[in-house]
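Participant: For the sequence shown, counting from 1, position 36 maps to 47 in the working numbering; every step adds exactly one. Note that CB positions come from ideal geometry on N, CA and C, so glycine has one too. Mind looking over this structure? Questions follow.
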Amino acid sequence: MARAATLNIDLDAIAHNYRVAKSQAPKQKALAVVKANAYGHGAIDVAKKLESDAPGFAVACIEEAVELRDAGIRKPILLLEGFFAADELDYICRHDIWTAVHNNFQLEVIASKGLAEPLNVWLKLNTGMHRLGFSPDEYRLAYQRMKDLQQVSGITLMSHLASADDLASSETQKQVEQLNRIHRDCPSPRSIANSAATMKHPVALHDWQRPGIILYGSSPFQGDEDVQAQLKPAMTLTSEVIAVHALQPGDTVGYNGTWTCERPTRIGTVAMGYADGYPRQARNGTPVLVNGHRTQLVGRVSMDMMTVDLTGIDADLGSAVEFWGEHLLANEVAPWCDTISYSLFTSITHRVHRKVKNCVES
Ligand SMILES: *Cc1c(COP(=O)(O)O)cnc(C)c1O
12 MARAATLNID
22 LDAIAHNYRV
32 AKSQAPKQKA
42 LAVVKANAYG
52 HGAIDVAKKL
62 ESDAPGFAVA
72 CIEEAVELRD
82 AGIRKPILLL
92 EGFFAADELD
102 YICRHDIWTA
112 VHNNFQLEVI
122 ASKGLAEPLN
132 VWLKLNTGMH
142 RLGFSPDEYR
152 LAYQRMKDLQ
162 QVSGITLMSH
172 LASADDLASS
182 ETQKQVEQLN
192 RIHRDCPSPR
202 SIANSAATMK
212 HPVALHDWQR
222 PGIILYGSSP
232 FQGDEDVQAQ
242 LKPAMTLTSE
252 VIAVHALQPG
262 DTVGYNGTWT
272 CERPTRIGTV
282 AMGYADGYPR
292 QARNGTPVLV
302 NGHRTQLVGR
312 VSMDMMTVDL
322 TGIDADLGSA
332 VEFWGEHLLA
342 NEVAPWCDTI
352 SYSLFTSITH
362 RVHRKVKNCV
372 ES
């Protein structure tokens with residue numbers, strides 16, 4: 012038997028979640044965001060699963076697009092940050108890759124090249140995130156410039172929301188209004204909605220949605236129930252108990268003894284550590300499931316193992332442990348580790364075995 016640490020992926024859950032995203036604006040289009048290896052779920056498997064439904068995909072860089080093309084994915088793929096170097100353009104225009112253009116460097120590279128095929132450009136407007144994009148004043152000029160280039164076949168107005176997961180914030184409304192103001196002078200399709208906007212900000216639903224985290228079954232809203240109830244978690248991280256110890260009051264557990272036993276306690280050592288991608292910051296009390304029973308992490312997470320409280324639980328050597336997934340939401344675990352589900356999902360390392368269910372038959 013091999014070490015039990017396993018990442019279980021259910022592609023049917025992702026297909027279900029894509030349909031949920033899509034149903035928010037059925038007449039408009041939703042690119043499936045599969046950057047960062049589909050948030051750790053496996054970009055090739057996910058893209059194959061969604062290719063019959065999704066009009067295209069979005070990734071962070073050309074390496075991620077090449078991986079999908081090499082695997083036979085044919086639908087358009089958007090580079091959310093565009094290209095980083097001029098020599099990417101040749102591949103981009105030959106392989107039906109769409110590119111964001113967020114600065115003058117990218118614009119000038121396109122303008123200075125003769126291209127084999129014209130480009131589909133997503134021209135990025137900075138509406139307040141202040142990370143990428145042209146300011147509103149620069150934007151109109153950039154748009155006109157792109158319009159006049161024969162290297163460009165189509166333009167989509169693109170922006171990104173900073174606080175769509177915060178329903179009390181007025182920022183989303185302001186950002187959408189900025190995009191709409193630009194649209195009056197630049198009448199092309201619009202795209203601003205991430206998952207949070209797709210689910211909760213109808214004003215942001217323009218021509219193209221860009222859902223990411225909801226495809227993987229995790230609500231972008233902390234403490235939310237109604238969005239989460241519509242989604243199916245697609246990633247379940249599991250392992251097994253590999254040792255059991257009976258401890259007495261005063262005994263401590265793990266590196267630096269950060270947890271002290273107060274009553275007779277059964278401790279289970281589990282094959283899962285920070286080198287597998289489980290966060291080392293997880294505090295005493297972080298929930299885990301053992302044999303389906305809810306219990307908690309005690310002591311520090313180490314590189315290859317962690318320790319959990321088995322007192323009063325029907326569990327022993329070899330018992331199954333779930334860290335997050337189908338029965339324990341990543342959104343419940345994340346705050347114990349000062350992080351978010353996105354980071355939990357994308358941190359799992361190659362050492363963990365992957366088991367993928369409901370793949371597309373090839
Ligand atoms: C990652 C990303 C998304 C998807 O965000 P979610 O919150 O996961 O839905 C959308 N647009 C851009 C530009 C992104 O970088």
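At a cut-off of 6 Å, is residue 171 close to ligand 1 when judged by its beta-carbon and the heavy atoms of the ligand?
Facilitator: By one-based count along the sequence shown, residue 171 stands at place 160. Result yes, Cβ under 6 Å from ligand 1.
Participant: Can you pull the DSSP bridge partners for residue 108?
Facilitator: Stepping through the sequence shown from its first residue, residue 108 is reached at position 97. Residue 108 pairs with 88.
Participant: Note down, in chain order, each residue of its chain lying with its Cβ closer than 8 Å to the Cβ of residue 285, except the 5 sequence neighbours on either side.
Facilitator: In the sequence shown, the residue the question calls residue 285 occupies position 274. Excluding residues within five positions, the ones whose Cβ falls inside 8 Å are 291, 312, 313, 314.
Participant: What residue from 138, 228, 35 has the CA that sits closest to residue 27's CA?
Facilitator: In the sequence shown, residue 27 corresponds to position 16, counting from 1. With distances taken between Cα atoms, residue 27 lies closest to 228.
Participant: Do you know offhand how far residue 321's Cα is from residue 363's?
Facilitator: Here residue 321 corresponds to residue number 310 of the sequence shown, with the count starting at 1. Here residue 363 corresponds to residue number 352 of the sequence shown, with the count starting at 1. Distance between the alpha carbons of residue 321 and residue 363 is about 24 Å.
Participant: What residues are listed by DSSP as bridge partners for residue 41?
Facilitator: Numbered from its first residue, the sequence shown carries residue 41 at position 30. DSSP output for residue 41 lists 220 as bridge partner(s).
Participant: Contact between the stretch 271-286 and the stretch 336-356 is defined here as three or more beta-carbon pairs at a separation below 8 Å; is this criterion met?
Facilitator: Contact between the stretch 271-286 and the stretch 336-356 is absent, because fewer than three Cβ pairs lie under 8 Å.
Participant: State the DSSP-derived secondary structure class of residue 356, mapped to helix, strand or coil.
Facilitator: In the sequence shown, counting from the first residue as 1, residue 356 sits at position 345. Note: residue 356 maps to helix in three-state DSSP.
Participant: If you follow the alpha helix (DSSP H) that residue 183 is part of, which residue opens it and which one closes it?
Facilitator: Working through the sequence shown from its first residue, we reach residue 183 at position 172. Taken as a continuous stretch (DSSP letters only), the alpha helix (DSSP H) holding residue 183 covers 182-196.
Participant: Who are the Cβ neighbours of residue 182 in its own chain at under 7 Å, not counting the five residues just before and after it?
Facilitator: On the sequence shown, residue 182 is found 171 positions in, with the first residue counted as 1. 139, 173, 174, listed in sequence order.
Participant: Let me know if residue 136 comes out buried or exposed under the rule of 16 or more other beta-carbons within 10 Å of its beta-carbon.
Facilitator: Translated into the one-based positions of the sequence shown, residue 136 becomes position 125. It counts as buried.
Participant: Does the stretch 38-51 come close enough to the stretch 61-72 to have 3 or more Cβ pairs within less than 8 Å?
Facilitator: A contact exists between the stretch 38-51 and the stretch 61-72.
Participant: Within the stretch 26-81, note down every full alpha helix (DSSP H) run reaching 4 residues or more, in order along the chain.
Facilitator: You should have 46-50, 54-61, 73-81.
Participant: Give the secondary structure of residue 118 by DSSP, where H, G and I count as helix, E and B as strand, and everything else as coil.
Facilitator: Here residue 118 is taken as the residue at index 107 of the sequence shown, counted from 1. Of the three classes helix, strand and coil, the one that applies to residue 118 here is helix, per DSSP.
Participant: Using 10 angstroms around the beta-carbon of residue 41, count the other beta-carbons present and answer buried if the total reaches 16, otherwise exposed.
Facilitator: Numbered from 1 along the sequence shown, position 30 holds the residue referred to as residue 41. The residue is buried, with at least 16 neighbouring Cβ atoms inside 10 Å.
Participant: Report yes if the C-beta of residue 205 is less than 6 Å from at least one heavy atom of ligand 1; otherwise report no.
Facilitator: Residue mapping note: residue 205 aligns to position 194 of the sequence shown, counting from 1. Yes, the Cβ of residue 205 comes within 6 Å of a heavy atom of ligand 1.
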